[in-house]
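Residues in the sequence shown are numbered consecutively from 15, following the working numbering.
Glycine is no exception: its CB is placed at the ideal position from the N, C-alpha and C atoms.
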Amino acid sequence: MKKGFIFDLDGVIVDTAKYHYLAWQKLAHELGFEFTKQQNELFKGVSRKRCLEILLDIGNVNATQQQFDHWMITKNEDYLEYIEKMDASEILPDVPKVLEYLKQNDIPIALGSASKNAQPILEKVGLLPYFNTIVDGNNVTKAKPDPEVFLLAAKQLGVNASNCVVFEDAVAGVQAANAAKMVSIGIGDDNILSEAKFNFADFTEISTSFIQQLIEK
Ligand code: B16
Ligand code: MG
């Protein structure tokens, strides 16, 4: 059976959450309220639009459609300034080792992310050539936990959904992978990601023999 591997971006390949946080925090300050790192946890794996809705709820801010659209743009412009400076040093440990192993074994690889900035980020850190396809916030209408992003990735890889493996750091992402009937691998806190089929703190815990088992299963 042909296998496919799908990677989430933020929290799996790179830690862009810290840059999202700085950009959201700047907007919150401009609007006159605090936005904490703990509150930023709610934003992981969540679309930009939904993040802004949550942020405005936190600050008790009522926005006109025009203001909402404007803040969506300014937040992204601030975020892109951080992304601009990213390089390979920001790749999370041992991610290239796993991508390289898959490539050596001719296993197709997809990105399945909520971000609309996924492609430039992969380019910046030099990992774009590993990916056979990218499915991100520009291609889907339904956010995780809906399986749309992963089902589309499987389709574009030409692999049956049940033969796909997904690496995810967000609860909604693990739920989306499970809903797609894929093998879900939680990257991060196993108490939070308890719905995942397998759990690892990060890629340094994942051996190539484990990857080989997933390929052969
Ligand atoms: P953008 P992932 C998600 O990435 C982030 O975790 C989330 O915080 C962000 O709001 C979302 O991408 C959208 O990002 O503003 O760049 O379109 O984990 O799905 O790779
Ligand atoms: Mg993520």
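Could you check if Ser127 belongs to the surroundings of the ligand B16, using beta carbon to heavy atom distance under 8 angstroms?
For the ligand B16, at least one heavy atom lies less than 8 angstroms from the Cβ of Ser127.
Ignoring anything shorter than 4 residues, give me the alpha helix (DSSP H) runs that lie fully in the region 45-116, in order along the chain.
Runs of the alpha helix (DSSP H) inside the region 45-116: 51-54, 62-72 and 79-98.
Taking the alpha-carbon positions, what's the Leu165 to Ser198 distance?
Taking the straight line joining both Cα atoms gives about 13 angstroms.
Using C-beta distances below 7 angstroms, list every residue in its chain close to Phe145, excluding the 5 sequence neighbours before and after it, in chain order.
Cβ within range, chain order: Ile123, Ala124, Leu125 and Leu136.
Which runs of the alpha helix (DSSP H), 4 residues or longer, sit entirely within the region 139-224?
Fully enclosed alpha helix (DSSP H) runs of 4 or longer: 162-171 and 185-193.
In angstroms with no decimal places, state the Cα-to-Cα distance between Val112 and Lys158.
Val112 and Lys158: Cα-Cα distance of roughly 24 angstroms.
Do Met100 and Lys58 have their C-beta atoms closer together than 9 angstroms?
Contact: no.
Using the beta-carbon count (16 or more within 10 Å), is Pro143 buried or exposed?
It is exposed - the Cβ of Pro143 has fewer than 16 other Cβ atoms within 10 Å.
What are the residues that DSSP puts in a beta bridge with Leu4?
Outside the shown range of the chain, which is 15 to 231, sits residue 4, and nothing can be said about it.
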